[in-house]
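Colleague: Have a look at the structure that comes next, please.
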Amino acid sequence: MIGDFVRAVRKRNLGAYGIHVHRAGHPPVEHRFRPDERVNLYSVAKTFTAVALGLAEAEGRLTLDDRLLDHLPELRPLAADGFGAVTLRHLTTMTSGTSHRWFAHQRIDAADLLHEIVAAPLVAEPGTRFAYTGSGPYAVGRVIARVTGADLRAYLLPRLFQPLGLHDPTWRTCPLGFPFAESDLFLTTEELARFARLLLQDGEWEGRRVLPAGFARRMSRETVASSRRPPGGPYTHGYGLGVWRDRDGAYRMDGAHGQYAVIDPARRAAVTVTAHSGDDQALLAAIHDLVLSRLPVCEVQGPVSV
113 MIGDFVRAVR KRNLGAYGIH VHRAGHPPVE HRFRPDERVN LYSVAKTFTA
163 VALGLAEAEG RLTLDDRLLD HLPELRPLAA DGFGAVTLRH LTTMTSGTSH
213 RWFAHQRIDA ADLLHEIVAA PLVAEPGTRF AYTGSGPYAV GRVIARVTGA
263 DLRAYLLPRL FQPLGLHDPT WRTCPLGFPF AESDLFLTTE ELARFARLLL
313 QDGEWEGRRV LPAGFARRMS RETVASSRRP PGGPYTHGYG LGVWRDRDGA
363 YRMDGAHGQY AVIDPARRAA VTVTAHSGDD QALLAAIHDL VLSRLPVCEV
413 QGPVSV
């Protein structure tokens, strides 16, 4: 099943560390190019943050359409004109309209990064323009800390990480001690594959409901328009709640240098790859062309049973 992918990675030097293929009703198929050690998942972390938002919503602590400043009212005096309309959904789907651009690899000079985010001028009305940035997920993480009394990692430990057997994962933090939320979560390929399988199975794991029913499907359906260039490219299909829409009805977690988990409900499959690739888009194309496209489409569609 993955022989051509393995050969392509080696021949084209695509930099994959490993691949894990899960198909409902079949044993997993894996290949390692190096030992399965925990690596930085980069922007795949945004998907975990979105899941935390869904869990908090199910617990009645917030809704996706709450305004950020309603949970952090002390920031109102700092807020840019129009920021009062920014919701948690806007921040998660990269449509807040903010001019603020920040990612976890960048130095933080502000005493509080959240203050800087809230004060940055808007360049578009919230909900009208897609602009990819780590600022929104970081702000969402701060709201989760406010409404739950636990930082993002601590909140997810008993609700997500422990049920999946993800022991004590590292999630790097800002100078104030809050997880970056948009990046810098460290897991192995196989550990990330468990999370991908959880989403494929609509939040059920080994007979236990871990995520709210239907939320995993919402993540890829409640989408906004994203980039239009290049036409048909991997970032042109739309962006949802922490996930990118992908070709042929699939969706994916996507991190720099080739961290991918592609969930394909039509094929009842999830393909997970970690890497340090110099051509991550070629690596993504190989996942589709040499693995997913060769799997049969299931005749009966619907939630995948565990």
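For what it's worth, this note's numbering labels the leading residue of the sequence shown as 113, then goes sequentially.
Backbone N, C-alpha and C define an ideal beta-carbon position, used for all residues, glycine too.
#1: For the structure I just gave you, are there three or more beta carbon pairs, one from the stretch 192-199 and one from the stretch 337-347, closer than 8 Å?
#2: What are the uninterrupted segments assigned as alpha helix (DSSP H) that are 4 or more residues long and contained completely in the stretch 257-298, given in chain order?
#3: For Val418, which residues from the same chain have a beta carbon less than 6 Å from its beta carbon, with the 5 sequence-adjacent residues on both sides left out?
#4: Alpha carbons only, please: which of Asp178, Lys158, Thr204 and Val322 is nearest the one belonging to Gly277?
#5: Buried or exposed: Val235, going by 16 or more other Cβ atoms within 10 Å of its Cβ?
#6: Could you tell me if Ser405 is buried or exposed, where buried requires 16 or more neighbouring beta carbons within 10 angstroms of its beta carbon?
#7: According to DSSP, is Glu316 helix, strand or coil?
#8: Tell me the DSSP secondary structure of His143 in three-state form.
#9: Sort out for me which residues DSSP pairs Arg364 with in a bridge.
#10: Using a Cβ-Cβ cutoff of less than 6 Å, which residues in the same chain neighbour Pro238 once the five nearest sequence positions on both sides are dropped?
#11: Determine the contact status of Leu396 and Pro346, defining contact as a CB-CB distance below 8 Å.
#12: Grab me the residues of Asp296's own chain with a C-beta within less than 7 Å of its C-beta, minus the 5 sequence neighbours each way, in chain order.
#13: Could you check the C-alpha separation between Arg254 and Leu272 for me, to the nearest Å?
#14: Closest by CA to Phe167, which one among Leu407, Ile375, Val133 and Ala257?
#15: Opposite Asn125 in the DSSP bridges: which residues?
#16: Quick one: what's got a C-beta closer than 7 Å to Glu302's C-beta in the same chain, skipping five residues either side?
#17: What are the residues that DSSP puts in a beta bridge with Tyr250?
#18: Residues in the same chain with beta-carbon distance under 6 Å from Ala170, minus the five sequence neighbours each way, listed in chain order, please.
#19: Using beta-carbon positions only, say whether His388 and Gly127 come within less than 8 Å of one another.
#20: Bridge partners of Thr199, per DSSP?
#21: Spatial neighbours of Ile220 within its chain, please: C-beta separation below 7 Å, excluding the five flanking residues on both sides.
Modeller: Inspection of the coordinates gives the following:
#1: At 8 Å Cβ cutoff, the stretches do not touch.
#2: Within the stretch 257-298, the complete alpha helix (DSSP H) segments at least 4 residues long are 264-268, listed from N- to C-terminus.
#3: Your numbering for residue 418 matches position 306 in the sequence shown. Any answer about Val418 is weak, because its pLDDT of 49 lies below 50 and its placement is not dependable; what the coordinates show is given next. Residues of the same chain with a CB within less than 6 Å of the CB of Val418, apart from the 5 flanking positions on each side, are Gln313 and Glu316 in chain order.
#4: For the purposes of this step, residue 277 is taken as residue 165 along the sequence shown, with counting starting at 1. The shortest C-alpha separation from Gly277 is found at Val322.
#5: The sequence position of residue 235 within the sequence shown is 123, counting from 1. Val235 should be labelled exposed.
#6: Walking along the sequence shown from the start, residue 405 turns up at place 293. Exposed, since its Cβ has fewer than 16 Cβ neighbours within 10 Å.
#7: By 1-based counting over the sequence shown, the position of residue 316 is 204. Under the three-state reduction of DSSP output, Glu316 falls in the strand class.
#8: One-based indexing of the sequence shown puts residue 143 at position 31. In the structure shown, His143 sits in a strand (DSSP, three-state: E or B).
#9: Against the sequence shown, residue 364 aligns to sequence position 252. Note: Arg364 sits in a beta bridge opposite Trp356 and Val374.
#10: Start at 1 with the first residue of the sequence shown, and residue 238 comes out as number 126. Taken in chain order, the residues that qualify are Ala197, Val198, His202, Ser208 and Gly209.
#11: The residue given as residue 396 occupies position 284 in the sequence shown. The residue given as residue 346 occupies position 234 in the sequence shown. Yes. Within cutoff.
#12: What you label residue 296 is simply residue 184 of the sequence shown in a count that begins at 1. Excluding sequence neighbours, Asp296 sits near Asn152, Ala157, Ala216, Trp283 and Arg284.
#13: Translated into positions along the sequence shown, residue 254 becomes position 142. Translated into positions along the sequence shown, residue 272 becomes position 160. Each residue's CA atom was taken as its position, placing Arg254 and Leu272 some 18 Å apart.
#14: Reading the sequence shown from its first residue, position 55 is the one you call residue 167. Before going on, a small fix: residue 167 reads as Leu here, not Phe. Out of Leu407, Ile375, Val133 and Ala257, Ala257 has the C-alpha closest to the C-alpha of Leu167.
#15: Along the sequence shown, read from residue 1 onward, the residue named residue 125 stands at position 13. Answer is none; Asn125 lacks a bridge partner.
#16: As a working mapping, residue 302 is identified with position 190 in the sequence shown. Setting aside the 5 residues that flank it on each side, Glu302 is surrounded in the same chain by His132 and Asp148, each with a C-beta closer than 7 Å to its C-beta; the list follows chain order.
#17: Indexing the sequence shown from 1 puts residue 250 at position 138. BP columns for Tyr250 are empty, so no partner.
#18: Residue 170 sits at position 58 when you count from the first residue of the sequence shown. Excluding five sequence positions before and after Ala170, the CB atoms of its chain that fall closer than 6 Å to its own CB belong to Pro324, given in chain order.
#19: Numbered from 1 along the sequence shown, position 276 holds the residue referred to as residue 388. Numbered from 1 along the sequence shown, position 15 holds the residue referred to as residue 127. By the CB criterion at 8 Å, His388 and Gly127 fall inside the cutoff.
#20: For the purposes of this step, residue 199 is taken as residue 87 along the sequence shown, with counting starting at 1. Note: Thr199 sits in a beta bridge opposite Arg179.
#21: Position 108 of the sequence shown, counted from the first residue, corresponds to residue 220. Result list for Ile220: Cys286 and Pro287, in chain order.
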